[in-house]
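If you use UniProt numbering, the sequence shown corresponds to residues 1 to 424, in order. For glycine and all other residues, C-beta sits at the position ideal for the given N, C-alpha and C. Please read the structure below before turning to the comments.
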Amino acid sequence: MHDARDARPATGVVVDVKAETGSAMPAWERDARGELLVAGQPLSRVVAAVGSTPCYLYDRERITRRVRGLRGAMPPDVLLHYAMKANPMPALVGHVAGLVDGLDVASAGELRVALDTGMAPEHISFAGPGKSDAELAQAVAAGILVNVESFREIAILARAGERLGCRPRVAIRVNLPFELKASGMKMSGGARQFGVDAEAVPDLLREVAGADLGFEGFHMFAGSQNLRHAAIVEAQRKCYEQALEWQSLLPAPVRSLNLGGGFGIPYTPGEGALDLGPVLDNLGELSQRLQGDWPGGHIVIELGRYLVGEAGVYVSRVIDRKVSRGQVFLVVDGGMHHHLAATGNFGQVIRRNYPVAVNRTDLGTETASVVGPLCTPLDLLADRMELDRAEPGDLVVVFQSGAYGRSASPRAFLSHPEAVEALV
Ligand SMILES: *Cc1c(COP(=O)(O)O)cnc(C)c1O
1 MHDARDARPA TGVVVDVKAE TGSAMPAWER DARGELLVAG QPLSRVVAAV GSTPCYLYDR
61 ERITRRVRGL RGAMPPDVLL HYAMKANPMP ALVGHVAGLV DGLDVASAGE LRVALDTGMA
121 PEHISFAGPG KSDAELAQAV AAGILVNVES FREIAILARA GERLGCRPRV AIRVNLPFEL
181 KASGMKMSGG ARQFGVDAEA VPDLLREVAG ADLGFEGFHM FAGSQNLRHA AIVEAQRKCY
241 EQALEWQSLL PAPVRSLNLG GGFGIPYTPG EGALDLGPVL DNLGELSQRL QGDWPGGHIV
301 IELGRYLVGE AGVYVSRVID RKVSRGQVFL VVDGGMHHHL AATGNFGQVI RRNYPVAVNR
361 TDLGTETASV VGPLCTPLDL LADRMELDRA EPGDLVVVFQ SGAYGRSASP RAFLSHPEAV
421 EALV
């Protein structure tokens with residue numbers, strides 16, 4: 001799952017996540033005693049209030065700043081949705097729902113959380129390659145927009161609509177004929193389980209027109225975790241052109257052109273933050289064109305990681321400090337069972353350390369590895385990093401942990417206790 005470790009100590013990432021990763025977020029600061037500050041409070045106190053480690057802490061104020069900042073810089077006609085699978089914690093989703101224009105769900109479970117926030121069903125959409133009949137019926141009953149990903153879904157939706165006496169709202173999720181370049185995780189181009197191949201879209205449009213379905217537009221998500229603005233701009237333009245090619249076949253004008261998201265965040269010192277300027281300028285241009293081609297319609301972007309990823313930390317406590325043949329291991333009470341991505345096992349090609357820090361600074365620094373309690377060498381949170389020295393009982397923090405953390409981890413593996421989550 002990741003490359004062989006090389007012999008050099010990994011370069012140190014200390015506490016200034018902003019400086020170290022080029023993050024667009026404010027740095028995480030320490031108080032005079034060397035404790036990290038989370039939501040304005042010393043970490044040990046926040047953890048004491050939460051009650052136990054390991055835990056995920058999501059900083060409400062950082063999320064607010066991030067989403068408001070982006071919202072304020074976006075062209076006003078472009079709608080911003082939150083893709084819930086990045087972090088489906090209900091309290092967090094509730095908070096984000098008050099800051100964005102809509103929510104994107106990927107299961108009936110996420111749909112329930114989305115509806116609980118009070119977000120109007122009109123602004124909720126549902127994507128996923130394997131929607132069950134029951135999930136599709138639930139979506140129709142709830143009145144949300146379904147991103148159709150197969151011919152089968154058309155028939156199920158039409159039947160559900162008849163039975164429930166309401167008209168299903170649909171958009172077509174397209175498997176684009178191109179890939180998003182430089183993307184951490186490709187979701188389109190080539191043979192994919194997502195969406196309907198662009199070549200088959202004309203046929204699908206005819207089926208939509210023939211059934212009693214309300215066509216609203218397209219969903220085109222090329223890929224995730226992209227830090228290159230030029231690649232994102234190029235993909236968004238191609239998506240627009242692609243949608244325009246189908247103009248004469250549309251059962252109704254496009255109301256929603258969802259261009260996905262894929263905005264990445266930096267995880268390592270080598271990665272700079274995404275330069276949003278050109279991406280937002282491009283969205284502004286496309287949005288203006290859209291007003292000409294489909295008056296009253298909107299471009300939608302749906303982001304997960306970019307909105308919440310930098311606002312979360314994963315906190316564990318040192319259980320043991322071991323030295324093996326000269327190398328220091330901090331064995332902590334959390335690990336890959338709660339935070340698969342930080343161990344490099346969530347689709348990464350090469351394992352790189354997330355930014356990690358120890359919650360004290362009074363013992364000097366050393367090169368240490370942070371490992372979890374699982375009986376596998378994959379349970380590695382930090383590989384030979386320059387860290388402040390820690391003793392058993394001290395807290396260790398993994399930054400950039402607000403997205404694809406707890407919910408994207410194999411929590412049952414080895415039957416250790418769950419990680420608590422708190423929105424602070
Ligand atoms: C995962 C996903 C997203 C969110 O991706 P991020 O990289 O977290 O922004 C958006 N849309 C769809 C359809 C997804 O599957």
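task: State the start and end residues of the unbroken alpha helix (DSSP H) segment that holds Asn282.
output: For the purposes of this step, residue 282 is identified with residue 282 of the sequence shown, where counting begins at 1. For Asn282, the enclosing alpha helix (DSSP H) has its first and last residue at 276-293.
- prompt: Gln400 by DSSP, collapsed to three states: which one?
  reply: Position 400 of the sequence shown, counted from the first residue, corresponds to residue 400. In this structure, Gln400 counts as coil in the three-state DSSP scheme.
8 Å Cβ cutoff, Glu241 in contact with chain C: The structure shown has no chain C; it contains just one protein chain.
- prompt: Is there contact between the segment 126-133 and the segment 204-213, where contact requires at least three CB pairs shorter than 8 Å?
  reply: Short answer: they don't touch.
- prompt: For Tyr240, which three-state DSSP category applies?
  reply: Here residue 240 corresponds to residue number 240 of the sequence shown, with the count starting at 1. Residue state, collapsed to three classes: helix.
- request: Would you mind working out which of Leu99, Ala368, Arg228 sits nearest Met119, comparing C-alpha positions?
  value: The residue you call residue 119 lines up with position 119 of the sequence shown. For the residues Leu99, Ala368, Arg228, the minimum Cα distance to Met119 belongs to Leu99.
- prompt: How should Ala32 be labelled, buried or exposed, when 16 other C-beta atoms within 10 angstroms of its C-beta is the threshold for buried?
  reply: Walking along the sequence shown from the start, residue 32 turns up at place 32. Ala32 counts as exposed, since fewer than 16 other beta carbons sit within 10 angstroms of its beta carbon.
message: Which runs of the alpha helix (DSSP H) at least 4 residues long sit entirely within the segment 195-253? Give them in chain order.
response: Runs of alpha helix (DSSP H) with 4 or more residues, each lying fully within the segment 195-253, are found at 201-210, 229-245, listed in chain order.
Separation of Ile172 from Val105, as counted between CA atoms: Counted from its first residue, the sequence shown places residue 105 at position 105. Counted from its first residue, the sequence shown places residue 172 at position 172. In a straight line, the C-alpha of Val105 is about 15 Å away from that of Ile172.
- prompt: Quick one: what's His81 bridged to in DSSP?
  reply: For the purposes of this step, residue 81 is taken as the residue at position 81 of the sequence shown. DSSP lists Gly102, Glu302 as the bridge partner or partners of His81.
task: Classify Arg317 as buried or exposed, calling it buried when 16 or more other Cβ atoms lie within 10 Å of its own Cβ.
output: Taking the first residue of the sequence shown as 1, we reach residue 317 at position 317. If you draw a 10 Å sphere on the C-beta of Arg317, you find 16 or more other C-beta atoms in it, and that means buried.
field: Val146 and Met220 closer than 8 Å at C-beta
entry: As a position in the sequence shown, residue 146 is number 146, starting the count at 1. As a position in the sequence shown, residue 220 is number 220, starting the count at 1. Not closer than 8 Å, so no.
query: In chain order, what residues of the same chain lie with their CB nearer than 7 Å to the CB of Ala341, ignoring the 5 residues before and after it?
result: Reading the sequence shown from its first residue, position 341 is the one you call residue 341. Answer for Ala341: Tyr404, Gly405, Ala408, listed in chain order.
- prompt: Do you know whose CA, among Phe151, Ala230, Leu180, lies nearest Ala211's CA?
  reply: Stepping through the sequence shown from its first residue, residue 211 is reached at position 211. The shortest Cα separation from Ala211 among Phe151, Ala230, Leu180 belongs to Phe151.
- prompt: Just checking my contact of residue 433 with Leu36 at CB under 8 Å: how many whole Å lie between their CB atoms?
  reply: No statement about residue 433 is possible, as the shown extent of the chain runs from 1 to 424 and does not include it.
query: According to DSSP, is Asp383 helix, strand or coil?
result: Start at 1 with the first residue of the sequence shown, and residue 383 comes out as number 383. It is a strand residue.
- prompt: Excluding the five sequence neighbours on either side, which residues of its own chain have a C-beta within less than 6 Å of the C-beta of Leu249, listed in chain order?
  reply: The residue given as residue 249 occupies position 249 in the sequence shown. Same-chain partners within the cutoff: Pro202, Leu205.
message: Measuring straight from C-alpha to C-alpha, what distance separates Met385 and Val331?
response: Residue 385 sits at position 385 when you count from the first residue of the sequence shown. Residue 331 sits at position 331 when you count from the first residue of the sequence shown. When rounded, the distance between both Cα atoms is 14 Å.
message: When you compare the segment 260-272 with the segment 212-232, are there three or more beta-carbon pairs, one atom per stretch, that lie closer than 8 Å?
response: Counting Cβ pairs under 8 Å, three or more are found: they touch.
message: Under DSSP, the alpha helix (DSSP H) around Arg321 begins and ends at which residues?
response: Taking the sequence shown and counting its residues from 1, the one referred to as residue 321 is at position 321. If you look at Arg321, you'll find it isn't in any alpha helix (DSSP H); it sits in the beta strand (DSSP E) that goes 312-324.
task: Report yes if the C-beta distance between Ala422 and Val50 is below 8 Å; otherwise report no.
output: One-based indexing of the sequence shown puts residue 422 at position 422. One-based indexing of the sequence shown puts residue 50 at position 50. Yes. Within cutoff.
- request: May I ask whether a heavy atom of ligand 1 can be found less than 7 Å away from the beta carbon of Gln193?
  value: Translated into the one-based positions of the sequence shown, residue 193 becomes position 193. Not under cutoff, so the answer is no.
- request: State yes or no: is the C-beta of Leu57 within less than 8 Å of the C-beta of Asn359?
  value: Translated into positions along the sequence shown, residue 57 becomes position 57. Translated into positions along the sequence shown, residue 359 becomes position 359. Their beta carbons are not under 8 Å apart, which means Leu57 does not touch Asn359 by this criterion.
message: Considering only the alpha carbon of each residue, which of Gly217, Val196, Ala137, Gly272 lies closest to residue 434?
response: In this structure the chain extends from 1 to 424, so residue 434 is not present and cannot be described.
query: Shortest alpha-carbon distance to Gly161 belongs to which of Leu115, Val140, Gly264?
result: The residue you call residue 161 lines up with position 161 of the sequence shown. Checked all of Leu115, Val140, Gly264; the closest Cα to Gly161 is Val140.
query: For the 8 Å Cβ check, are there 3 or more pairs between the segment 342-351 and the segment 386-396?
result: These segments do not touch.
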